[in-house]
Each structure stands twice: as C-alpha cells, then as structure tokens.
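Visitor: The opening position of the sequence shown corresponds to residue 169 in the numbering used here, with each subsequent residue numbered one higher.
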Amino acid sequence: SFGTVWVAEVIQPASSSNGSAAAAKEVAVKEIICQSPHQLASARFEAELLAKLDPARIGPASDGDGDQAGSPTRQLDIEGRLPVLVASETEVVGPALWRVRLAM
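1) Could you pull out every residue in the same chain whose Cβ sits closer than 8 Å to the Cβ of A287, ignoring the five residues on either side in sequence?
2) Closest to E259 by CA distance: which of I179, A192, I201 is it?
3) A176: which of D222, K193, F213 sits nearest, CA to CA?
4) DSSP three-state call for Q180: helix, strand or coil?
5) Tell me the DSSP secondary structure of S210 in three-state form.
6) So what does DSSP say about L265, is it helix, strand or coil?
7) Let me make sure I understand the geometry here. Which of G262, L218, R249, S169 has the alpha-carbon closest to that of E199?
8) Is the Cβ-Cβ distance between A196 and M272 less than 8 Å?
9) Taking a contact to mean a Cβ-Cβ separation below 8 Å, would you say S204 touches A264 in this structure?
10) I need the DSSP call for A224, collapsed to helix, strand or coil.
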C-alpha cells in the first residue's frame, strides 16, 4: 500500500544495572491514509504480513534443498531483505478515513 515514510529514532532508557547511557535505534515509520475499508484492510494486511515474516518468528522448516528455513545459513538469505515490524497503530481520522502507521 502507498504511504509516506519517515525515519525516526527510538530511544531506549539507560540501563540501571550497568549505568550505560541511553541507546538510540533508527526505525522507519510508514503512514498510510486509507479512504475506504478496502484500503484499510490492505494496510492492516501489510502489518500482519510483516509480523508473520519476521525472521525471529519463523520456525525451522525445510525449503526443499535440505537446508532448514530457521538455520543460520537460511536466515542470512532473508535477513535485511524485509523490514521487521516494531509496532503498528490505526487511528480513525474521520468518517471513512483512517491513518495506519507502521514502525519498522
């Protein structure tokens, strides 16, 4: 689905156990304006798909060549090719108008 994408920083609070400074992590935020229930369903499906394709959530499964999908070798093939969904939200903006945000 079409949307506007920004870069943002997620700032993690300093760890109290080791006294280290706050760590920043860069994410992309995609904002999708939906003007119909069909567009809303497509945006939500994008979030679902990203969540399901997260390499950390994919369990071992054979890919036909004897390599396991969850093996370190196989994960190198998909790591970095797909964004990992960090969070998503849907906001009702008006009658038949929604804003979906995906943080990746």
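Ideal Cβ positions, reconstructed from N, Cα and C, are used throughout, including at glycine.
No experiment lies behind these values; they were computed from the predicted model shown.
Guide: From the atom records:
1) Because the chain spans 169 through 272 in this model, residue 287 falls outside it and cannot be assessed.
2) Selection I179, A192, I201 evaluated against E259 yields I201 as nearest (Cα-Cα).
3) Minimum Cα distance to A176 is reached at K193.
4) The three-state secondary structure of Q180, taken from DSSP, is strand.
5) S210: helix per DSSP, three-state reduction.
6) The answer is strand: DSSP assigns L265 an E or B state.
7) Checked all of G262, L218, R249, S169; the closest Cα to E199 is S169.
8) Less than 8 Å divides the Cβ of A196 from the Cβ of M272.
9) Against a cut-off of 8 Å, the Cβ pair of A264 and S204 comes out as a contact.
10) DSSP, read as helix, strand or coil, puts A224 in coil.
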